[in-house]
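Asker: Read in full-length UniProt numbering, the sequence shown has 87 at position 87, and its numbers run on one by one without any break. My structure is below; once you've seen it, I'll send some questions.
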Amino acid sequence: MTAATSYAPTFRLGGDLEINRLGFGAMRITGPQIWGEPADRPAMLALLRRAVALGVNFIDTADMYGPFVSEELIGEALAPYPAGVVVGTKGGLVRFGPWADFLNDATPQHLHDALDGSLRRLKLERLDLYQLHRIDPRLPAEKTFDFLAEAQRRGRVRHLGLSEVSVDEIKQAQQHFTVASVQNRYSLFEREAEPVLDYCRTQGIAFIPWFPIGGGQDVHGQQALQAVADRHQASSRQVALAWLLHHAPNMLPIPGTSSLAHLEENMRAANLVLTEQDMRELNTLGGA
């Protein structure tokens, strides 16, 4: 019989916020193409409340989702927040239309205003986690990092994180503040960020993979993945999420959905225990 592997179900974000490692990404609760209001606002409010009822206590969002809509929904659905619920948001990108119609703006003035807006929409006096959505290539990164460090000193944010960064960029930011989280694109099939994940593990930094199931990639067509799923009487989505949880102890997957059925399916992945054989087979995918 092949031994089962084990993993810690929780992680201390920033060293002091203990959260369940399987969280919820709130990008898809907005309108189509992450733009505007959802077609059924009450359903999205109910979805957020159901996520918390299922054990989610880490919710990831950004001011550009909607824009602003995701944060507004979270504040309306959950404030005053149940004990232990952590909301992380991001700033530094500005949306002008659906999907890829956005630009960088990580200037101190923009981030000052963006942080004010996020606090207001989320109905919080301090953000537990504020992440720089992208480093702005138009200005020295030190100006952005210095602003974020000052916002933390002033008590507007508890912990700071980064998104879509290299190891060298993390090290640069660490000269200005303690990096609590890094959010890069990563999944069973997309592992280009493995060196970043490894560095974060050694530093005690949370690694938050966005598009953790492949961003809509057809995981059902993957033979090795389906074989593992069949052995566990689980879905391929659940196995892909379980692999992330088993792969690294600092991994915090945030699968997002606007479907209650998918939410409940995703959350069951936290109870899926993979064996050493499962992990060996899955590790052959994605070029690892």
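Cβ atoms here follow ideal geometry from the backbone N, Cα and C, with glycine treated the same way. Being a predicted model, the structure only gives us computed values, none of them experimental.
Which residues share a DSSP beta bridge with N60?
Answerer: Counting from one through the sequence shown, the residue named residue 60 turns up at place 60. As written in the sequence, residue 60 is Asp, which differs from the Asn given in the question. G25 and G88, per the DSSP bridge assignment.
Asker: If we call anything under 8 Å between Cβ atoms a contact, is L111 one with G75?
Answerer: On the sequence shown, position 111 is the one that residue 111 refers to. On the sequence shown, position 75 is the one that residue 75 refers to. Taking 8 Å as the Cβ cut-off, L111 and G75 do not qualify as a contacting pair.
Asker: Give a yes or no on whether the C-beta atoms belonging to P84 and Q131 are separated by under 8 Å.
Answerer: Your numbering for residue 84 matches position 84 in the sequence shown. Your numbering for residue 131 matches position 131 in the sequence shown. For the record, residue 84 in the displayed sequence is Gly; it is not Pro. Going by C-beta atoms, G84 is not nearer than 8 Å to Q131.
Asker: What are the boundary residues of the beta strand (DSSP E) that L13 is part of?
Answerer: For the purposes of this step, residue 13 is taken as the residue at position 13 of the sequence shown. Counting along the chain, the beta strand (DSSP E) containing L13 begins and ends at T10 to L13.
Asker: Less than 8 Å between C-beta atoms, sequence neighbours within five positions excluded: which residues of the same chain meet that for V86?
Answerer: As a working note, residue 86 is residue 86 in the sequence shown. Counting only Cβ-Cβ distances below 8 Å, and skipping sequence neighbours, we find L13, L17, I19, N57, F58, I59, D128 and L129.
Asker: Measure how close the beta-carbons of L22 and P253 come, nearest whole angstrom, since I'm counting them as under 8 Å.
Answerer: As a working note, residue 22 is residue 22 in the sequence shown. As a working note, residue 253 is residue 253 in the sequence shown. Sure, about 6 Å apart at Cβ, within 8 Å.
Asker: Can you check DSSP and say which residues form a bridge with M251?
Answerer: In the sequence shown, the residue the question calls residue 251 occupies position 251. Looking at the DSSP assignment, M251 forms a beta bridge with F207.
Asker: Name the one or two DSSP bridge partners that W243 has.
Answerer: As a position in the sequence shown, residue 243 is number 243, starting the count at 1. The partner list for W243 (beta bridge, DSSP) is empty, contrary to what the question assumes.
Asker: Can you tell me the Cα-Cα spacing of A206 and P249, whole angstroms?
Answerer: In the sequence shown, counting from the first residue as 1, residue 206 sits at position 206. In the sequence shown, counting from the first residue as 1, residue 249 sits at position 249. A206 and P249: Cα-Cα distance of roughly 9 Å.
Asker: Going along the chain, which unbroken runs of the beta strand (DSSP E) with 3 or more residues stay wholly within the segment 80-142?
Answerer: Taking only runs of at least 3 residues, the beta strand (DSSP E) segments lying wholly in the segment 80-142 are 86-91, 93-95, 102-104 and 127-132.
Asker: Please report the distance separating the alpha-carbon of A193 from that of P80.
Answerer: Taking the first residue of the sequence shown as 1, we reach residue 193 at position 193. Taking the first residue of the sequence shown as 1, we reach residue 80 at position 80. The alpha-carbon atoms of A193 and P80 are separated by roughly 36 Å.
Asker: Assign T284 to buried or exposed, taking buried as 16 or more other Cβ atoms, counted over all protein chains shown, within 10 Å of its Cβ.
Answerer: Taking the sequence shown and counting its residues from 1, the one referred to as residue 284 is at position 284. Exposed is the call here.
Asker: Go ahead and label S6 buried or exposed: buried means 16 or more other beta carbons lie within 10 angstroms of its beta carbon, across all protein chains shown.
Answerer: Working through the sequence shown from its first residue, we reach residue 6 at position 6. S6 comes out exposed.
Asker: Buried or exposed, going by whether 16 or more other CB atoms sit within 10 Å of the CB of V239?
Answerer: To locate residue 239, count along the sequence shown from 1; it is residue 239. Buried is the call here.
Asker: Can you find the residues in the same chain that come closer than 6 Å, C-beta to C-beta, to Y35, ignoring five residues on each side of it along the sequence?
Answerer: Here residue 35 corresponds to residue number 35 of the sequence shown, with the count starting at 1. First, the residue type needs correcting, since residue 35 is Trp and not Tyr in the sequence shown. Contacts found: P98.
Asker: In three-state DSSP terms, what is H262?
Answerer: Translated into positions along the sequence shown, residue 262 becomes position 262. DSSP places H262 in helix when its eight states are reduced to three.
Asker: Just how far apart, CA to CA, sit K90 and A62?
Answerer: On the sequence shown, position 90 is the one that residue 90 refers to. On the sequence shown, position 62 is the one that residue 62 refers to. Taking the straight line from one Cα to the other gives about 4 Å.
Asker: Going by DSSP, name the residue or residues bridged to N20.
Answerer: Taking the first residue of the sequence shown as 1, we reach residue 20 at position 20. Note: N20 sits in a beta bridge opposite T10.
Asker: Please determine, among A3, G15 and T2, the residue with the shortest C-alpha to C-alpha distance to R201.
Answerer: To locate residue 201, count along the sequence shown from 1; it is residue 201. Minimum Cα distance to R201 is reached at G15.
Asker: Should E72 go down as buried or exposed, given a rule of 16 or more other Cβ atoms within 10 Å for buried?
Answerer: As a position in the sequence shown, residue 72 is number 72, starting the count at 1. Label assigned to E72: buried.
Asker: Tell me the rounded alpha-carbon separation between A43 and V94.
Answerer: By 1-based counting over the sequence shown, the position of residue 43 is 43. By 1-based counting over the sequence shown, the position of residue 94 is 94. Their Cα atoms are separated by approximately 27 Å.
Asker: Which word fits G155, buried or exposed, when buried means at least 16 other C-beta atoms lie within 10 angstroms of its C-beta?
Answerer: Residue mapping note: residue 155 aligns to position 155 of the sequence shown, counting from 1. Answer is exposed; the Cβ neighbour count stays below 16.
Asker: Assign L272 to one of three DSSP states: helix, strand, or coil.
Answerer: Mapped onto the sequence shown, residue 272 falls at position 272. In this structure, L272 counts as coil in the three-state DSSP scheme.
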